[in-house]
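Trainee:
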Amino acid sequence: MSNLIDAEGNINANFLSKELQQALEEDVRYKQTDSMKKRAIKTSTDYNEFKAMVACAHLKTLTSKEVESLSHVKKGWQKSVPKDKTSSAVVLTKELEKQQHLSSSTSDLKTVFNKAGGKPKPKLAMEIQRDLRRISEPTNKLLYLLRMGLKRAKSVLGNGADTDLLEEIITILLVNKDVVIGVYESQQMLCPQDSEEVVAAALSALHEEEIEAAHPPPPNAQSGGGGGGGDSAVTTTPRSDRTDEELLMDLNLRIKWFKAITQFDKFSLTKRFLSKQLLEDVVQIVSTQRDADNTDTVLKYASA
9 MSNLIDAEGN INANFLSKEL QQALEEDVRY KQTDSMKKRA IKTSTDYNEF
59 KAMVACAHLK TLTSKEVESL SHVKKGWQKS VPKDKTSSAV VLTKELEKQQ
109 HLSSSTSDLK TVFNKAGGKP KPKLAMEIQR DLRRISEPTN KLLYLLRMGL
159 KRAKSVLGNG ADTDLLEEII TILLVNKDVV IGVYESQQML CPQDSEEVVA
209 AALSALHEEE IEAAHPPPPN AQSGGGGGGG DSAVTTTPRS DRTDEELLMD
259 LNLRIKWFKA ITQFDKFSLT KRFLSKQLLE DVVQIVSTQR DADNTDTVLK
309 YASA
């Protein structure tokens, strides 16, 4: 206080200006660090990478001219010799990286499932958000939600999910929607024997190298016989031993999720932030099954 006001009672403008400048610099540094943390939490693979990105938050981005100057011998570093892309060492490295990428797409899901004892049992919405962030592949994220179950999702997300999480869940539920809709429509038009081939072809498209033989549909998919009509082919009976392929191809289960989301507290607010294309995709997949309840769900997503 004595530095701010001199002995004569006048305000020290220089001291005040210095204090203001320091406060502004601290505020800018805080904003830069906070913004980088939000970016790094989504892109970093481990804590060391996250820490390094946050530490560089205050650094300025190089311009294109500055990057080009690095290749000039007189202005910057000497240009390095290009690598031989055909050498055996380079090819082997690329193959190892490819294998690691393929293995990581399933290992992250197994890690989450193993910690949960085989089935996700989150108690809070933030736990679901954390698990989804740990899983990289969209198909595995969808499998996580379907394995978790709609009953637990209602109890956890009903009044505890924010708009960002609901938007992410809606986006995940639309993964491979065209394939699922195509299989459903084929089951309506074709006989059970032909629809079996359609399902097998769709599963092979989703899992190119993992599935080598066609998987038959669940027994309840043929329970109606020849005179049961098209609806018997897609009737789903809840079973705890359903395979991952059966869950991913279950159109009815996804529609139940979309219907349940409309009952969540923050659905109306979330819908305001959803893109028009995303809402149209939801309407498309829900309206595939013609039902009175589905019509109400379509209206909730389609209404302005």
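When you read off a place in the sequence shown, starting at 1, and then add 8, the result is the number in our numbering.
Just so you know, even glycine gets a beta-carbon here, dropped at the ideal spot from N, CA and C.
1) For Gln195, does the count of other Cβ atoms within 10 angstroms reach 16, so buried, or fall short, so exposed?
2) Taking Thr41 as the reference, give the member of Phe58, Glu176, Glu27 with the closest Cα.
3) Could you work out which residue in Gln30, Leu286, Val188, Asp14 is closest to Leu255 when comparing CA atoms only?
4) Taking just the CA atoms, how far does Phe272 sit from Leu8?
5) If you reduce the DSSP assignment to three classes, tell me which class Ile189 lands in.
6) Considering only the alpha carbon of each residue, which of Thr251, Leu286, Asn302 lies closest to Ile263?
7) Could you spell out the range, first to last residue, of the alpha helix (DSSP H) harbouring Asn22?
8) How many Å lie between Ala60 and Ser52 at the Cα?
9) Under 8 Å by Cβ, that's how I've got Leu158 and Ala300 pegged, so tell me the actual separation to the nearest angstrom.
10) Is Ala161 buried or exposed, if buried means 16 or more other CB atoms sit within 10 Å of its CB?
11) Tell me which residue opens and which closes the alpha helix (DSSP H) that Arg298 is part of.
12) Quick check: what's the CA-CA separation for Leu140 versus Asn20?
13) Closest by CA to Ala65, which one among Ala310, Arg47, Glu145?
14) Alpha carbon to alpha carbon, what distance is there between Met44 and Met257?
15) For my contact list, Lys284 and Leu174 are in at a C-beta cut-off of 8 Å; report their separation, rounded to the angstrom.
16) May I have the straight-line CA-CA distance separating Lys39 from Lys279, to the nearest angstrom?
17) For Arg37, which residues of its own chain have a beta-carbon under 7 Å away from its beta-carbon, when the five flanking residues on both sides are left out?
18) From Thr147 to Ala63, what distance separates their C-alpha atoms?
19) Does DSSP classify Ile13 as helix, strand or coil?
20) My understanding is that Leu150 touches Ile178, with C-beta atoms under 8 Å, so please give their C-beta distance in whole angstroms.
21) Using 8 Å as the threshold, is the C-beta distance between Val164 and Pro130 below it?
22) Have a look at Leu154 and Thr69 and give me their C-alpha separation to the nearest angstrom.
23) In angstroms, rounded to a whole number, what distance separates the CA positions of Ala31 and Asn22?
24) Which value, in whole angstroms, describes the spacing of the CA atoms of Glu135 and Thr270?
25) Within its chain, find whatever has a CB closer than 7 Å to the CB of Phe281; leave out the 5 residues flanking it on each side and keep chain order.
26) To the nearest whole angstrom, what separates the beta carbons of Lys127 and Asp289, a pair I think is in contact under 8 Å?
27) Any idea what DSSP makes of Lys308, helix, strand or coil?
28) So, is Leu24 buried or exposed, given that buried needs 16 or more other C-beta atoms within 10 angstroms?
29) How many Å lie between Ala310 and Asp35 at the Cα?
30) Put Val164 into one of helix, strand or coil per three-state DSSP.
Mentor: In short, the structure shows the following:
1) For the purposes of this step, residue 195 is identified with residue 187 of the sequence shown, where counting begins at 1. The residue is buried, with at least 16 neighbouring Cβ atoms inside 10 Å.
2) As a working mapping, residue 41 is identified with position 33 in the sequence shown. Of the listed residues, the one whose Cα sits closest to Thr41 is Phe58.
3) Here residue 255 is taken as the residue at index 247 of the sequence shown, counted from 1. That would be Val188, whose Cα lies nearest to the Cα of Leu255.
4) The chain is shown from 9 up to 312; residue 8 falls before or after that span and cannot be answered.
5) Locating residue 189 in the sequence shown gives position 181, counting from the first residue. Note: Ile189 maps to helix in three-state DSSP.
6) On the sequence shown, residue 263 is found 255 positions in, with the first residue counted as 1. Restricting attention to Thr251, Leu286, Asn302, the CA atom closest to the CA of Ile263 is found in Asn302.
7) Here residue 22 refers to the residue found at position 14 of the sequence shown. Secondary structure note for Asn22: its alpha helix (DSSP H) is the uninterrupted segment 21-51.
8) Against the sequence shown, residue 60 aligns to sequence position 52. Against the sequence shown, residue 52 aligns to sequence position 44. Near 10 Å, if we compare the C-alpha coordinates of Ser52 and Ala60.
9) As a first step, residue 158 is located in the sequence shown; it is residue number 150 there, counting from the start. As a first step, residue 300 is located in the sequence shown; it is residue number 292 there, counting from the start. Taking 8 Å as the upper bound for CB-CB distance, Leu158 and Ala300 are not in contact here, some 20 Å apart.
10) Taking the first residue of the sequence shown as 1, we reach residue 161 at position 153. By the neighbour-count rule (16 or more Cβ atoms within 10 Å), Ala161 is buried.
11) For the purposes of this step, residue 298 is taken as residue 290 along the sequence shown, with counting starting at 1. Arg298 -> no alpha helix (DSSP H), and no H or E assigned at all.
12) For the purposes of this step, residue 140 is taken as the residue at position 132 of the sequence shown. For the purposes of this step, residue 20 is taken as the residue at position 12 of the sequence shown. Cα to Cα, the separation comes out at about 54 Å.
13) For the purposes of this step, residue 65 is identified with residue 57 of the sequence shown, where counting begins at 1. Residue Arg47 holds the alpha-carbon nearest to the alpha-carbon of Ala65 among Ala310, Arg47, Glu145.
14) On the sequence shown, residue 257 is found 249 positions in, with the first residue counted as 1. On the sequence shown, residue 44 is found 36 positions in, with the first residue counted as 1. Each residue's alpha carbon lies about 38 Å from the other.
15) Mapped onto the sequence shown, residue 284 falls at position 276. Mapped onto the sequence shown, residue 174 falls at position 166. No, Lys284 and Leu174 are not in contact; Cβ-Cβ is about 17 Å, not under 8 Å.
16) As a first step, residue 39 is located in the sequence shown; it is residue number 31 there, counting from the start. As a first step, residue 279 is located in the sequence shown; it is residue number 271 there, counting from the start. Whole-angstrom Cα-Cα distance: 29 Å.
17) Residue 37 sits at position 29 when you count from the first residue of the sequence shown. Result list for Arg37: His66, in chain order.
18) Translated into the one-based positions of the sequence shown, residue 147 becomes position 139. Translated into the one-based positions of the sequence shown, residue 63 becomes position 55. Going by the C-alpha atoms only, they are around 33 Å apart.
19) Here residue 13 corresponds to residue number 5 of the sequence shown, with the count starting at 1. Ile13: strand per DSSP, three-state reduction.
20) Within the sequence shown, the letter at position 142 stands for residue 150. Within the sequence shown, the letter at position 170 stands for residue 178. No, Leu150 and Ile178 are not in contact; Cβ-Cβ is about 11 Å, not under 8 Å.
21) As a working note, residue 164 is residue 156 in the sequence shown. As a working note, residue 130 is residue 122 in the sequence shown. Closer than 8 Å, so yes.
22) In the sequence shown, residue 154 corresponds to position 146, counting from 1. In the sequence shown, residue 69 corresponds to position 61, counting from 1. Distance from the CA atom of Leu154 to the CA atom of Thr69, rounded to whole angstroms, is 42 Å.
23) In the sequence shown, residue 31 corresponds to position 23, counting from 1. In the sequence shown, residue 22 corresponds to position 14, counting from 1. Taking the CA atoms as reference points, Ala31 sits about 14 Å from Asn22.
24) Start at 1 with the first residue of the sequence shown, and residue 135 comes out as number 127. Start at 1 with the first residue of the sequence shown, and residue 270 comes out as number 262. Within the model, the alpha-carbon separation for Glu135 versus Thr270 is close to 21 Å.
25) Looking up residue 281 in the sequence shown gives position 273. Excluding positions up to five away in sequence, the list reads Thr171, Glu175.
26) Here residue 127 corresponds to residue number 119 of the sequence shown, with the count starting at 1. Here residue 289 corresponds to residue number 281 of the sequence shown, with the count starting at 1. That pair is no contact at about 28 Å.
27) For this step, residue 308 is matched to residue 300 along the sequence shown. In the three-state DSSP reduction, Lys308 falls in the helix class (H, G or I).
28) Here residue 24 refers to the residue found at position 16 when the sequence shown is read from its first residue. Under this definition Leu24 is an exposed residue.
29) One-based indexing of the sequence shown puts residue 310 at position 302. One-based indexing of the sequence shown puts residue 35 at position 27. For Ala310 and Asp35, the distance between alpha carbons rounds to 42 Å.
30) On the sequence shown, residue 164 is found 156 positions in, with the first residue counted as 1. Three-state result, Val164: helix.
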